[in-house]
Amino acid sequence: MNAMTDRYETLLPLKAEARNLSFYYGNFQALKNINMPIYEKKVTSLIGPSGCGKSTYLRCFNRMHDLYPGNRYEGAIDFHPDHTDLLSKKVDPIEVRMRISMVFQKPNPFPKSIYENVAYGLRVRGENARSVIDDKVEAALRGAALWGEVKDRLKELGANLSGGQQQRLCIARALATDPELMLFDEPTSALDPIATASIEELITELKERVTILIVTHNMQQAARISDYTAYMYIGEMVEFGVTDQIFIKPKRKETEDYITGRFG
Amino acid sequence: MSEPSARLKKDLTRHVKERVIEAILFLAAFVSVFTTTAIVYILVSESWVFFQHVPLGDFLFDTQWTPLFDDAHYGIMVLLSGTITSSLVALLVAIPLGTIIAIYLSEFAPFAVREIAKPFLELLGGIPTIIYGYFALLFLTPLLQKVYPDLPGFNLLSAGIVMGIMIIPYVASLSEDAMRAVPMALREGSYATGATRLQTALWVVVPSAISGIASAYILGVSRAVGETMILAVAGGMQPNLTFNPAEPGATITSFIVQVALGDLPHGSIGYQTIFAAGLTLMLLTLVFNLIGYYMRKKYREAY
Ligand SMILES: Nc1ncnc2c1ncn2[C@@H]1O[C@H](COP(=O)(O)OP(=O)(O)OP(=O)(O)O)[C@@H](O)[C@H]1O
Ligand SMILES: [Mg+2]
Chain A
100 MNAMTDRYET LLPLKAEARN LSFYYGNFQA LKNINMPIYE KKVTSLIGPS
150 GCGKSTYLRC FNRMHDLYPG NRYEGAIDFH PDHTDLLSKK VDPIEVRMRI
200 SMVFQKPNPF PKSIYENVAY GLRVRGENAR SVIDDKVEAA LRGAALWGEV
250 KDRLKELGAN LSGGQQQRLC IARALATDPE LMLFDEPTSA LDPIATASIE
300 ELITELKERV TILIVTHNMQ QAARISDYTA YMYIGEMVEF GVTDQIFIKP
350 KRKETEDYIT GRFG
Chain B
5 MSEPSARLKK DLTRHVKERV IEAILFLAAF VSVFTTTAIV YILVSESWVF
55 FQHVPLGDFL FDTQWTPLFD DAHYGIMVLL SGTITSSLVA LLVAIPLGTI
105 IAIYLSEFAP FAVREIAKPF LELLGGIPTI IYGYFALLFL TPLLQKVYPD
155 LPGFNLLSAG IVMGIMIIPY VASLSEDAMR AVPMALREGS YATGATRLQT
205 ALWVVVPSAI SGIASAYILG VSRAVGETMI LAVAGGMQPN LTFNPAEPGA
255 TITSFIVQVA LGDLPHGSIG YQTIFAAGLT LMLLTLVFNL IGYYMRKKYR
305 EAY
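Note that the protein sequences, when read in sequence, are chains A and B.
Quick note: the first sequence, position 4, residue 103 per the numbering used here, numbers continuous.
Quick note: the second sequence, position 158, residue 162 per the numbering used here, numbers continuous.
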């Protein structure tokens with residue numbers, strides 16, 4: 100579709116593509132002219148030092164920045180198969196979020212039952228048929244590897260679960276609506292190694308069905324779960340490539356320094 | 005052991021200063037606790053005298069309240085019905101409107117609107133209630149009489165509605181505080197699923213803030229039950245066992261002002277009634293406060 104695809108020497112289908120994307124919090128430019136493809140049904144991870152703009156970038160995809168006054172996007176994020184710029188003024192952010200779901204850094208279950216937490220996105224879409232919701236809730240909980248642990252306590256408050264379970268509940272919530280792209284913002288940073296491992300495994304399974312873009316501070320995690328990795332530094336996309344290549348033979352010196360811990 | 009070095013030695017002035025501050029703080033706390041205890045003591049002991057003359061059964065179940073007549077009856081139900089009716093009218097006004105205002109201010113209003121509306125609301129809460137009373141009597145009642153010509157000049161409806169208007173700022177302001185305290189992360193979680201503002205407000209923010217909102221309502225109830233001047237001015241002070249707001253009626257509070265301002269001799273049984281009535285009022289408020297406490301505990305930290 101454009102030169103970008105050739106540059107990475109791949110014929111994989113694109114799910115989305117940032118083109119000359121810049122972002123401003125008021126006068127502060129947090130993203131600088133980012134170009135990056137997101138390949139369909141692959142896991143792409145974003146790494147980089149704290150404050151470099153990973154969350155800011157991620158939150159452009161579901162137009163989260165629209166919630167706060169003074170934020171401004173420049174450039175485009177093409178979304179496929181629609182060939183539509185997600186950032187266009189004519190695009191409804193609610194419709195965007197209907198297709199692109201998000202899992203946050205800190206588990207944020209609603210003060211509702213486990214069942215209602217997962218059903219939330221369905222209810223938002225006007226789904227009221229009990230049998231449909233039942234099925235989708237179960238499927239999402241299975242998808243999030245939580246069904247076995249909660250199937251007998253669906254009526255309990257989501258907040259009663261452990262941290263790792265809460266995060267999987269949030270994944271189930273994000274999964275229940277059959278998203279095409281899932282955004283994860285450091286989903287395991289608040290979890291212990293075992294809970295982290297189960298979520299990593301989950302993400303690897305999920306990519307059969309959805310495209311995943313994940314922010315992580317954990318280099319091993321990026322290496323373990325992602326197909327593509329992007330290194331960001333102070334609002335810029337320094338390097339993007341196949342994960343193995345980024346970790347073994349990065350093209351840029353800055354990337355190598357960061358990955359090997361010689362950074363700063 | 006030798007004398008501690010000058011740098012480690014107790015600083016006497018600091019020590020004294022702290023002691024003085026402690027004493028002042030204690031005194032302040034003591035005064036408020038003492039006053040409350042004294043009030044309860046007086047209410048209970050004076051009511052005790054009252055109940056020496058009037059059996060508790062009569063007080064609770066008699067359907068007439070005529071303590072100032074020769075043929076005296078002391079049925080508190082009569083006053084209670086006025087209190088309940090006027091409070092219900094007030095809450096029917098204050099709770100829906102107060103909640104809607106709170107949702108609007110917390111979730112929808114642009115920053116500038118909220119900055120103007122909040123102080124304005126608080127101003128509304130600062131208007132002396134006697135002014136609301138005259139507003140009910142001289143403005144609202146005539147207005148209502150245009151619609152219902154049979155409405156008496158003094159009635160619980162008009163007093164109740166105005167009382168509701170008076171309570172709106174409390175309900176709105178406290179509910180809004182509770183909603184704004186809901187972490188942004190929960191709202192973002194909702195928006196991220198594709199929810200609209202209204203869905204987010206009603207399905208996530210309000211349930212998350214429910215304990216604070218419930219306390220706002222309970223405070224509204226306490227205000228309504230304890231409100232005096234509006235009812236004394238616009239409700240008509242006739243004891244009337246009714247739940248029809250379109251009638252005049254006396255409430256516990258308006259009866260108490262009536263007697264307190266009248267020329268009954270202190271110590272007479274007629275005068276003693278106000279303590280029994282006051283005790284009833286206090287117990288009523290206590291019940292609501294306990295409900296509020298229980299609700300806060302039950303729903304605390306839902307997020
Ligand atoms: N709401 C905001 N208003 C103004 N500046 C912001 C805002 N949020 C983030 N920033 C700034 O934008 C830059 C990028 O922040 P961002 O949160 O995207 O970083 P990050 O890479 O996700 O960092 P971390 O790894 O610590 O989460 C930072 O300099 C930050 O201070
Ligand atoms: Mg971040």
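Note that beta-carbon positions come from the ideal geometry of N, C-alpha and C, so glycine has one too.
With a threshold of 7 Å, the Cβ atom of Thr-133 of chain B does not count as near ligand 1, since no heavy atom of the ligand is closer than that. Contact check between the region 244–252 of chain A and the region 111–131 of chain A: fewer than three CB pairs, one atom from each, fall below 8 Å, which does not count as touching. At least one CB of chain B lies nearer than 8 Å to the CB of Lys-205 of chain A. Glu-119 of chain B does not reach chain A, its nearest Cβ partner there being about 14 Å away, counting only Cβ pairs nearer than 8 Å. C-alpha of Ala-244 of chain A to C-alpha of Glu-226 of chain A: approximately 24 Å in a straight line.
At least 8 Å separates the CB of Phe-283 of chain A from every CB of chain B. In terms of beta-carbon proximity, Arg-196 of chain A lines the interface with chain B, with at least one pair separated by less than 8 Å.
Taking the C-beta atoms as reference points, Leu-185 of chain A is found no nearer than 8 Å to Arg-171 of chain A. For Gln-262 of chain B and Ala-236 of chain B, the gap between their C-alpha atoms comes out near 8 Å. If you check each beta-carbon in the region 189–200 of chain B against every beta-carbon of chain A, the ones closer than 9 Å belong to Ala-189, Leu-190, Arg-191, Glu-192, Gly-193, Ser-194, Tyr-195, Ala-196, Thr-197, Gly-198, Ala-199, Thr-200.
Sequence-distant Cβ neighbours of Asn-216 of chain A in its own chain, meaning closer than 6 Å and more than five residues away, are Pro-208, Phe-209, Gly-257, Leu-268, Arg-272. DSSP lists A:Ala-175 as the bridge partner or partners of Arg-118 of chain A. Short of 7 Å from the beta carbon of Gly-152 of chain A, and not among the five residues preceding or following it, lie these beta carbons of its own chain, in chain order: Ala-129, Leu-130, Met-331, Gly-334. Under a 10 Å Cβ-count criterion, Val-337 of chain A is classified as buried, with 16 or more other Cβ atoms of the shown protein chains found around its own Cβ. At a beta-carbon threshold of 9 Å, the residues of chain A lying near Val-208 of chain B are Phe-209, Pro-210, Lys-211, Tyr-219, ordered along the chain. The closest heavy atom of ligand 1 lies 7 Å or more from the beta carbon of Phe-115 of chain B.
Remark: C-beta atoms of Ser-51 of chain B and Leu-283 of chain B approach each other more closely than 8 Å. Distance from the C-beta of Val-202 of chain A to the nearest heavy atom of ligand 2 is not below 7 Å.
Non-local C-beta neighbours of Gln-320 of chain A in its own chain, meaning closer than 8 Å and more than five positions away in sequence, comprise Ser-144, Thr-287, Thr-295, Glu-299, ordered along the chain. Chain-ordered, the residues whose CB falls short of 5 Å from any heavy atom of ligand 1 come out as A:Tyr-124, A:Ala-129, A:Ser-149, A:Gly-150, A:Cys-151, A:Gly-152, A:Lys-153, A:Ser-154, A:Thr-155. Boundaries for Ser-200 of chain A: no alpha helix (DSSP H) harbours it, while the beta strand (DSSP E) harbouring it runs 199–202, taken from the DSSP string. In the DSSP annotation of this structure, the continuous segment of the beta strand (DSSP E) that includes Glu-338 of chain A starts and ends at 335–341.
Minimum Cα-Cα distance from Leu-288 of chain B among the listed residues B:Ala-199, B:Pro-59, B:Met-81 corresponds to B:Met-81. When C-alpha distances from Lys-141 of chain A are compared across A:Ser-187, A:Lys-352, A:Thr-310, the shortest belongs to A:Thr-310.
Annotation for Leu-145 of chain A: the continuous beta strand (DSSP E) segment containing it runs 142–146. Contact annotation for Ser-212 of chain B against chain A: Phe-209, Pro-210 [CB-CB distance below 8 Å, chain order]. Judged by the Cβ position, Val-37 of chain B fails to qualify as a neighbour of ligand 2 at the 7 Å threshold, every heavy atom of the ligand being at least this far.
Close to Gln-203 of chain B, with beta-carbon spacing below 7 Å, are these residues of chain A in chain order: Val-223. Ala-220 of chain B is a Cβ neighbour of Tyr-174 of chain B, given a cutoff of 8 Å. Under the 10 Å beta carbon count, Gln-266 of chain A is surrounded by 16 or more other beta carbons and is classified as buried. Listed in chain order, the non-local C-beta contacts of Ser-258 of chain B below 8 Å within the same chain comprise Gly-86, Thr-232, Leu-235, Ala-236, Gly-239, Met-241, local neighbours out to five positions each way being set aside. With contact defined as three or more Cβ pairs closer than 8 Å, the region 57–72 of chain B and the region 262–275 of chain B are in contact.
For Ile-137 of chain A, the three-state secondary structure derived from DSSP is strand.
In terms of beta-carbon proximity, Asn-161 of chain A lines the interface with chain B, with at least one pair separated by less than 8 Å. DSSP places Met-241 of chain B outside any alpha helix (DSSP H), giving it a letter other than H or E. Going by beta carbons, Leu-144 of chain B and Ile-165 of chain B fall inside the 8 Å limit.
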